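>
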Amino acid sequence: MDLTPTEEQRLLRESAGRFVRAQYNADARRKRAEAGEGFSAATWREFADLGWLALPLPEAHGGLGGGAVEVGMLMEAFGEGLVDSPYVSTVILGAGAVAAAGSSAQQADLLPKVAEGALRIAFAHSERQARYNLADVATHAVKDADGWVLDGAKTAVLDADEADLLIVSARIHGNRADAKGIGLFIAPRDAEGLTLTTDLRLGGGKVAQVGLAGVRLGADALLGGLEDALPVIEAVTDHAAAALCGEAVGMMQTLVETTAAYIKTREQFGKPLSVNQALRHRMADMAVAVEEARSLALRAALFADAEPVDRARAVSGAKAKIGRGARFVAEQAVQLHGGMGVTEELEIGAFLKRVVFFDAMFGGVDHHLKRHAALSAAGRAA
Amino acid sequence: MDLTPTEEQRLLRESAGRFVRAQYNADARRKRAEAGEGFSAATWREFADLGWLALPLPEAHGGLGGGAVEVGMLMEAFGEGLVDSPYVSTVILGAGAVAAAGSSAQQADLLPKVAEGALRIAFAHSERQARYNLADVATHAVKDADGWVLDGAKTAVLDADEADLLIVSARIHGNRADAKGIGLFIAPRDAEGLTLTTDLRLGGGKVAQVGLAGVRLGADALLGGLEDALPVIEAVTDHAAAALCGEAVGMMQTLVETTAAYIKTREQFGKPLSVNQALRHRMADMAVAVEEARSLALRAALFADAEPVDRARAVSGAKAKIGRGARFVAEQAVQLHGGMGVTEELEIGAFLKRVVFFDAMFGGVDHHLKRHAALSAAGRAA
Amino acid sequence: MNFSFSDEEKAFREEVREFLASALTPDMKRAQGLTPSVFSDKEISDPWHRALASKGWAAPGWPPEAGGPTWTPAQRWIFATECAKAGAPSVSPMGVAMVGPVIIRFGTPEQKAKYLPRILNCEDYWCQGYSEPGSGSDLASLKTRAVRDGDHYVINGTKIWTTHAHHANMMFALVRTDDTGRKQEGISFILIDMTSPGITIRPILTIGGDHEVNQVFFDDVRVPVENRIGEEGLGWTYGKYLLEFERGGGIAAARLRRGLQHVIDMANGEAPGQPIDDPALALKISEIEIDIDALELTELRIMSALQTGQNPGAVSSLLKLRNSEIKQAITRLAVDVLGYDALVWEPTRPLYGLNRATLPEIELPVVPEYLNSRAFTIFGGSSEVQRDIIAKLMVGL
Amino acid sequence: MNFSFSDEEKAFREEVREFLASALTPDMKRAQGLTPSVFSDKEISDPWHRALASKGWAAPGWPPEAGGPTWTPAQRWIFATECAKAGAPSVSPMGVAMVGPVIIRFGTPEQKAKYLPRILNCEDYWCQGYSEPGSGSDLASLKTRAVRDGDHYVINGTKIWTTHAHHANMMFALVRTDDTGRKQEGISFILIDMTSPGITIRPILTIGGDHEVNQVFFDDVRVPVENRIGEEGLGWTYGKYLLEFERGGGIAAARLRRGLQHVIDMANGEAPGQPIDDPALALKISEIEIDIDALELTELRIMSALQTGQNPGAVSSLLKLRNSEIKQAITRLAVDVLGYDALVWEPTRPLYGLNRATLPEIELPVVPEYLNSRAFTIFGGSSEVQRDIIAKLMVGL
């Protein structure tokens, strides 16, 4: 039992921290936002060069074989600088699904390109009516002589506008919320009948609604030939949620540091705000929330490859408590910044928005508490 | 619309306050507790003389025809001094049930005696398996040629040991949790087959488990001849809950005043504790909780005779929020008193115990929130 | 004690409802419903202000000689409650509710004659020049200077958080006319024509993406001495008088209830988050509803005390604190109900000017409103300041 | 990073489990389970202490020369966790965990030889004389005086909150030997034989109805000078060293988990409050379980840092704060599960001495424990003090 980082992990964390501090300060982010540009291709290449895109991918296909703990460290650094990259959508969700369920041919085709930074993949699974129930898939896939035909609609697809491929879930058989009968399909973004409605995303990046109207895909488009992909969907979603938990920890850390610096220097009635014990105690509670989040994000990562029920309990526990803790920290960071906190002039608001994004993604506090309780029910019965 | 008290109400409130301050200080309470005596017969007579026992009873039977608002004012004064009388059990629950459902003969027989202080009535309704569901009654009553025979068990019967009569609910027909088929029976405390297991009650007074083994009652024992008494049970329970809400307000008020006085005078590091902003803000939140409780207790009283669904929503709303607020105030009063707060040397602990009693009585915060939500569901549907 | 309205009060309520049914147009209601900012836009509030003015109802708190309707506290409560229930815009408070009462109390006959009718009839649009970048809760530390030059003051400095400065033609401001004594002394209360040379306005966007507040710069702005209210150096007194009005809060329950109903409406619809039949959501709605019930009954208790000539005590801080906290709880719950739709960020303003958006119209204001509502516990006396006041005035600490 | 125990650690865990299976009797477990006070009664903790001593495990933190088992941080974590899981009593900390380390660090060879074996073998029972009626969190303001008279100190004054003074034959105390300088100076650390003439003990009942703490009065109590630890006037330094041990907290998650399991067991039974299939209860249990998960992983992170020779930083306040808050949340939830059974107040102590009671045995300690657990956020540095420390050391304020 040793939860201190290895030398390798420490170096990864430090290099990520350095990169983010150098490139992701407030000015750079504001300039990019004002220029209205998406995520920079140059930075994505730098991610590839630093090995980050290859990090969790299998070594057999150009990856480094890292685990959720390493991903969490990277994400924590991203969170500290509010990096708005398509890392989670392409590497964790998209490539993660390919790595978990793709045939050897699909893996060999796609994963090295992701690792090199030459391919981006979006993950199109959620549907509006599903309300975070991962088994609720109304989009359907029908097989005919030429391959597959997909019809349906997806929501909350991250970074689809700049993706080359989409992994789309669709029901092959069964009823709408059945656990069985869901497949994952590889679809080019420019497939005929596939439409994107892209909006700015709260907290940075883009989000799309995806329409699928008679989208024709080849017979080999079904990922791994798998007609029961729900366990894969659950696993990559849990991995992505764990990664976002790591990112949230980084955000919380920055919020606490920024706010502490502010109340130490901002004067009122001739004294720094930090003379107010009520504010100091608030900040103590914020610091406690960060430490608890750090422990639970790490715990979720450590359980990422455990038995599904243990993995899911660890991830839902982390997602619920960090969801609440991050909201508390971000809202209080705004509060303690006073008037300046509620403007776009400071970065605090951008962090709060990303926190709301975090909480909404894959389900909020109530959803994950309920999932945790449901997964625990058997163990609690007499 | 005028929520200021009438002159009559003001006088009632003031006389109750005076009485309690004179007779219910900590020393008197401690002496009574140490003497192990029950509620003093002399004080009960004084209650009668002051008109308090008659207060909510119908004028036709020796009562004063007061309403829940007047009862709430009295209870608030009781709460300020932590009075541990059988007022709620006898006057609100016991006599309340007789007034609501008794035949003219039963009312004429019993109510004047209650008003005079010559009769105490306990209300034996709750059962262990019911878990606060008022319709869940397993105790059954069978009619035969000689009258009724009751079998079953009751829990949480307040002040039964000193009561002359018990009003016992029992199922006449139907299944265990059916809304229909419950009757209320008048049983002498010394009826054969009726056994009491009496314990000290948390926060003052006594509580009993009641066993009923073939208890024979006359044919006229059924209150009002009513075989569907659940609405009556719900009404008197709501009235009692509203009364306890008033009492809780008084308790909260005393806790805030006592704690404020303590932190203003208790010195640490050469300064009064109240120099700590964190403590002042805590006390501000406690004061806010008292004002909110005051408003909701009054609201519950104002709705006491409204349509059942409106009455129940008002009472459950008050019970839930005051349950939480009183717990917060009492726990923080202990906290702010430091070491002294967690001993039996101060009265703070006695207040906390009574607050726990309040929260447990008729169901806690979750129960009443759930009841409020269930009663509100129809109004929230699209 | 009487928990129902009198026949007269009921008749008045009927009159208000009839007025609302005719004067409050569907367009006004839609625009107000799609307003995620704290204040209604001028183009929303002005038409409503004029409709009220034509009925003689624009300035409920004013005395009759100034054009007020001489309502009882109960009537004011009924009016505010019915307006909120109906979804009416709010009238810009800076004129009617803020500078108006100061002019009425402390202004010269000439000032009253000049400004009050123009406020009442919505001819002037006012903004408030109190806060400065360095001042925060320590308002009296303000530095904007007004130096006497003949029969003018020459003003230099800057004000911040100036709501609707970009709409206003008039500002009332606290400025420093003397800095030799205590910082509260030497402050004067002055009325500034916003078209004066030397004024520049810098917009400040809120985190919700709205242009509501500004920073205003004064560069040798000349203001006639006759624009000063009361005595030079007593501005702090007048300013505090006004702040008591601002903090009053008073009649907020009905507006909160409407906000909660909006959450319920969304949860009954297609929003992809928590649906109305989710038990956890039902409990949260109940919790907030009970909070509003408590606030409403507190308002009615205060209204009753005022009605019978009693002093309701130091409760305005309590009302402000709870109103802002409940408002924030409602907007947070609304975001939960949005689910994945919370991810869509619509930057266009005003929202009621949008012809089409990815989100259903009912969902459009939710996230910006959540973000903007963070300001409720900051402006007009932060929650921390309110707790300081409550501890002092209600608990005696 | 490695999230599983090594083979050696697993073997040790097995050894601990085997020891617990044989040494921890059903009677001890029952008595501990029916203990609603913070500390285990002497008649519970002593037999357990002796069982541990016979295995060489009574003093995990002591160096080998003093009789400690030379465990790694991981072994200490495993040991404490397995003991908590098994429901073992706690060993009285005043000797082993409090005065022991002080004697080891600052004691003379004679003091070490005299006291340490008697602590280890459970021959002496210690109590702590720090707090005084007027001192509270301001411990250094203590007034109990020790005046030198030949080769004795003569002690006059009073100590309060003295846990198990009525069981103890020895007390370690902070006393004032000088009051001319700063209040922290002039304090000495002294060992007092509780059988000395002039000592009287007044019991103080807790709100849970337990006799755990006392007030101790000293009336010309003579203590040999050789009973002073270290130098006269440096007692504050020694006392602070001890407090750091007391605040450490360290390994609490397993005990909390056992407390939560008790709630689950009751909710699976006949307790008339919230049953296990109540969704609201299930969510609350999950919330607490997640809180414990977070605390446990924080403990493991700290243990790992210690294991690799790193400094875990200022986390003991965080552990104390969260441990006490979670403990209170568990006891509060337990009361909810009791429902109407919470009304029954059982005044007899000890509860494990009761032959019959109205309540089922599983429910007996619940309400007293809820009440007593209020002390968790007060003693050993109140939550307010912990937040002051966290703000200072973790946030730099």
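Residue numbers (full-length UniProt numbering), protein chains in the order written: chain A, 1 to 382; chain B, 1 to 382; chain C, 1 to 397; chain D, 1 to 397.
Cβ atoms here follow ideal geometry from the backbone N, Cα and C, with glycine treated the same way.
Keep in mind the model is a prediction, meaning the values are calculated, not measured.
(1) Would you kindly check if the distance between the Cβ of G230 (chain C) and the Cβ of F106 (chain C) is under 8 Å?
(2) Taking the C-alpha atoms as reference points, what is the distance between R247 (chain C) and N156 (chain C)?
(3) Please tell me whether G317 (chain B) has its Cβ less than 8 Å away from any Cβ of chain C.
(4) In its own chain, which residues sit with a C-beta less than 7 Å from the C-beta of T358 (chain D), not counting the 5 before and 5 after it?
(5) Roughly how far, in whole angstroms, is the beta-carbon of K42 (chain C) from the beta-carbon of H164 (chain C), given that I think they are within contact range, below 8 Å?
(6) Do D136 (chain A) and A145 (chain A) have their beta-carbon atoms positioned less than 8 Å apart in this structure?
(7) Whether or not the region 367 to 387 of chain C and the region 327 to 344 of chain A are in contact is what I'm after, with contact meaning three or more pairs of Cβ atoms, one per stretch, closer than 8 Å; do they touch?
(8) Does DSSP classify P133 (chain C) as helix, strand or coil?
(9) Using only alpha-carbon positions, find the residue among C:L34, C:E14 and C:S90 that is nearest to L354 (chain C).
(10) Answer yes or no: does any C-beta atom of chain B fall closer than 8 Å to that of E246 (chain D)?
(11) Let me know the beta strand (DSSP E) ranges lying completely inside the region 65 to 129 of chain C, each 3 residues or longer, listed in chain order.
(12) Among D:P272, D:E299 and D:E212, which has the Cα closest to the Cα of F39 (chain D)?
(13) What does the alpha-carbon distance come out to for the pair A108 (chain B) and D220 (chain B)?
(14) If you draw a straight line from the C-alpha of R128 (chain A) to the C-alpha of P272 (chain C), how long is it?
(15) What residues from chain A crowd round T237 (chain D), counting only those whose CB sits closer than 9 Å?
(16) So, does the CB of residue 400 (chain D) fall closer than 8 Å to a CB anywhere in chain A?
(17) Near A86 (chain D), which residues of its chain fall below 6 Å by C-beta distance, leaving aside the five closest residues on each side in sequence?
(18) Between the region 345 to 368 of chain A and chain B, which residues of the former have CB atoms less than 8 Å from a CB of the latter, in chain order?
(19) Could you pull out every residue in the same chain whose Cβ sits closer than 7 Å to the Cβ of A51 (chain D), ignoring the five residues on either side in sequence?
(20) Could you work out which residues of chain A lie near L343 (chain D), taking near to mean beta carbons separated by less than 9 Å?
(21) Got a sec: is the Cβ-Cβ distance from R280 (chain B) to anything in chain C below 8 Å?
(22) V83 (chain B) and V20 (chain B) - do their beta-carbons sit closer together than 8 Å?
(23) Determine the extent of the alpha helix (DSSP H) in which K353 (chain A) is found, giving its start and end residues.
(24) What residue does the alpha helix (DSSP H) around E287 (chain C) start on, and which one ends it?
(25) What would DSSP say about N184 (chain B), mapped onto helix, strand or coil?
(26) Rank B:R171, B:A122, B:R18 and B:P308 by C-alpha distance to the C-alpha of S85 (chain B) and give the top, closest one.
(27) List the residues of chain C whose Cβ lies closer than 9 Å to the Cβ of Q296 (chain B), in chain order.
(28) To which residues of the same chain is G249 (chain C) closer than 7 Å at the C-beta, ignoring the five residues directly before and after it?
(29) M112 (chain D): which of D:P133, D:N227 and D:E232 sits nearest, CA to CA?
(30) Might you give, ordered along the chain, the residues of its own chain that have their beta carbon closer than 7 Å to the beta carbon of L55 (chain B), omitting 5 neighbours on each side?
(31) Compare the C-alpha of H262 (chain D) against each of D:P133, D:R30 and D:S4 and name the closest.
(32) Assign S316 (chain A) to one of three DSSP states: helix, strand, or coil.
(33) Under 8 Å between C-beta atoms, does S382 (chain C) make it to chain A?
(34) Enumerate, from N- to C-terminal direction, the unbroken beta strand (DSSP E) stretches of 3 or more residues contained entirely within the region 137 to 185 of chain A.
(35) Please report the straight-line C-alpha distance between A11 (chain D) and M98 (chain D), rounded to a whole angstrom.
(36) I want to know whether the region 239 to 254 of chain A touches the region 359 to 369 of chain A - three or more CB-CB distances under 8 Å.
According to the structure shown:
(1) Reading the third sequence from its first residue, position 106 is the one you call residue 106 (chain C). Reading the third sequence from its first residue, position 230 is the one you call residue 230 (chain C). Going by C-beta atoms, F106 (chain C) is nearer than 8 Å to G230 (chain C).
(2) Residue mapping note: residue 247 (chain C) aligns to position 247 of the third sequence, counting from 1. Residue mapping note: residue 156 (chain C) aligns to position 156 of the third sequence, counting from 1. Note that R247 (chain C) has pLDDT 44, beneath the 50 cutoff, so the model's placement of it is unreliable and the number below is only indicative. Answer to the nearest angstrom: the Cα atoms are 28 Å apart.
(3) Translated into positions along the second sequence, residue 317 (chain B) becomes position 317. It does: the Cβ of G317 (chain B) has a partner Cβ on chain C nearer than 8 Å.
(4) Reading the fourth sequence from its first residue, position 358 is the one you call residue 358 (chain D). Here the set comprises V344.
(5) Within the third sequence, numbered from 1, the residue matching residue 42 (chain C) stands at position 42. Within the third sequence, numbered from 1, the residue matching residue 164 (chain C) stands at position 164. 6 Å between Cβ atoms; contact.
(6) Translated into the one-based positions of the first sequence, residue 145 (chain A) becomes position 145. Translated into the one-based positions of the first sequence, residue 136 (chain A) becomes position 136. Against a cut-off of 8 Å, the Cβ pair of D136 (chain A) and A145 (chain A) comes out as no contact.
(7) Yes: the two stretches touch, three or more of their Cβ pairs being nearer than 8 Å.
(8) Translated into the one-based positions of the third sequence, residue 133 (chain C) becomes position 133. Assignment of P133 (chain C) by DSSP, reduced to helix, strand and coil, places it in the coil class.
(9) Sequence index remark: in the third sequence, residue 354 (chain C) carries index 354 (1-based). The residue among C:L34, C:E14 and C:S90 with its C-alpha nearest the C-alpha of L354 (chain C) is C:L34.
(10) If you number the fourth sequence from 1, residue 246 (chain D) lands on position 246. At E246 (chain D), the pLDDT of 49 sits below 50, so the modelled position is not reliable; the number obtained from the coordinates is stated separately. Taking Cβ atoms only, chain B never reaches closer than 8 Å to E246 (chain D), which makes this a no.
(11) Entirely contained in the region 65 to 129 of chain C, the beta strand (DSSP E) runs reaching 3 residues are, in chain order, 126 to 129.
(12) Numbered from 1 along the fourth sequence, position 39 holds the residue referred to as residue 39 (chain D). That would be D:E212, whose Cα lies nearest to the Cα of F39 (chain D).
(13) For the purposes of this step, residue 108 (chain B) is taken as the residue at position 108 of the second sequence. For the purposes of this step, residue 220 (chain B) is taken as the residue at position 220 of the second sequence. If you take the alpha carbons of A108 (chain B) and D220 (chain B), they lie about 14 Å apart.
(14) Taking the first sequence and counting its residues from 1, the one referred to as residue 128 (chain A) is at position 128. Taking the third sequence and counting its residues from 1, the one referred to as residue 272 (chain C) is at position 272. Straight-line Cα distance between these residues: approximately 5 Å.
(15) By one-based count along the fourth sequence, residue 237 (chain D) stands at place 237. Chain A residues near T237 (chain D): none, gap ~26 Å exceeds 9 Å.
(16) Past the boundaries of the shown model lies residue 400 (chain D); chain D is included only from 1 to 397, so the question cannot be answered.
(17) The count along the fourth sequence starts at 1 and reaches residue 86 (chain D) at position 86. Excluding sequence neighbours, A86 (chain D) sits near L20 and L24.
(18) In summary, no residue of the region 345 to 368 of chain A has a CB separated from any CB of chain B by less than 8 Å.
(19) Residue 51 (chain D) sits at position 51 when you count from the first residue of the fourth sequence. Residues A23 of the same chain have their beta carbon placed closer than 7 Å to that of A51 (chain D), with the five preceding and five following residues left out of the count.
(20) Against the fourth sequence, residue 343 (chain D) aligns to sequence position 343. The CB of L343 (chain D) never comes closer than 9 Å to any CB in chain A; the least such distance is about 25 Å.
(21) As a position in the second sequence, residue 280 (chain B) is number 280, starting the count at 1. Against chain C, the CB of R280 (chain B) has a partner CB under 8 Å away; the residue lies at that interface.
(22) Walking along the second sequence from the start, residue 20 (chain B) turns up at place 20. Walking along the second sequence from the start, residue 83 (chain B) turns up at place 83. V20 (chain B) is a Cβ neighbour of V83 (chain B), given a cutoff of 8 Å.
(23) Residue numbering aside, residue 353 (chain A) sits at position 353 when the first sequence is read from its first letter. Boundaries of the alpha helix (DSSP H) harbouring K353 (chain A): I348 to A360, taken from the DSSP string.
(24) On the third sequence, residue 287 (chain C) is found 287 positions in, with the first residue counted as 1. First-last of the alpha helix (DSSP H) with E287 (chain C): P279 to Q307.
(25) One-based indexing of the second sequence puts residue 184 (chain B) at position 184. Per the sequence shown, the amino acid found at residue 184 (chain B) is Leu instead of Asn. Assigned with DSSP and collapsed to three states, L184 (chain B) falls in strand.
(26) On the second sequence, position 85 is the one that residue 85 (chain B) refers to. Nearest neighbour of S85 (chain B) by Cα position, chosen from B:R171, B:A122, B:R18 and B:P308, turns out to be B:A122.
(27) Indexing the second sequence from 1 puts residue 296 (chain B) at position 296. The sequence as given places Leu at residue 296 (chain B); Gln does not occur at that position. Going along chain C in sequence order, the residues near L296 (chain B) (Cβ under 9 Å) are I290, D293, A294 and L297.
(28) Walking along the third sequence from the start, residue 249 (chain C) turns up at place 249. Legend: pLDDT at G249 (chain C) = 46, less than 50; position of this residue unreliable, no value from coordinates given.
(29) On the fourth sequence, position 112 is the one that residue 112 (chain D) refers to. A quick correction: the sequence has Lys, not Met, at residue 112 (chain D). Distance check between K112 (chain D) and each of D:P133, D:N227 and D:E232 places D:N227 closest, using alpha-carbon atoms only.
(30) The count along the second sequence starts at 1 and reaches residue 55 (chain B) at position 55. These residues qualify, in order along the chain: L64, G66, E70, V71 and L74.
(31) For this step, residue 262 (chain D) is matched to residue 262 along the fourth sequence. Nearest C-alpha to H262 (chain D): D:R30.
(32) For this step, residue 316 (chain A) is matched to residue 316 along the first sequence. In the structure shown, S316 (chain A) sits in a helix (DSSP, three-state: H, G or I).
(33) What you label residue 382 (chain C) is simply residue 382 of the third sequence in a count that begins at 1. Chain A, which has a Cβ nearer than 8 Å to the Cβ of S382 (chain C), makes this yes.
(34) DSSP runs (the beta strand (DSSP E)) wholly in the region 137 to 185 of chain A: 140 to 144, 147 to 158 and 165 to 171.
(35) Position 11 of the fourth sequence holds residue 11 (chain D). Position 98 of the fourth sequence holds residue 98 (chain D). Rounded to the nearest angstrom, the gap between the Cα atoms of A11 (chain D) and M98 (chain D) is 30 Å.
(36) Yes, they touch.
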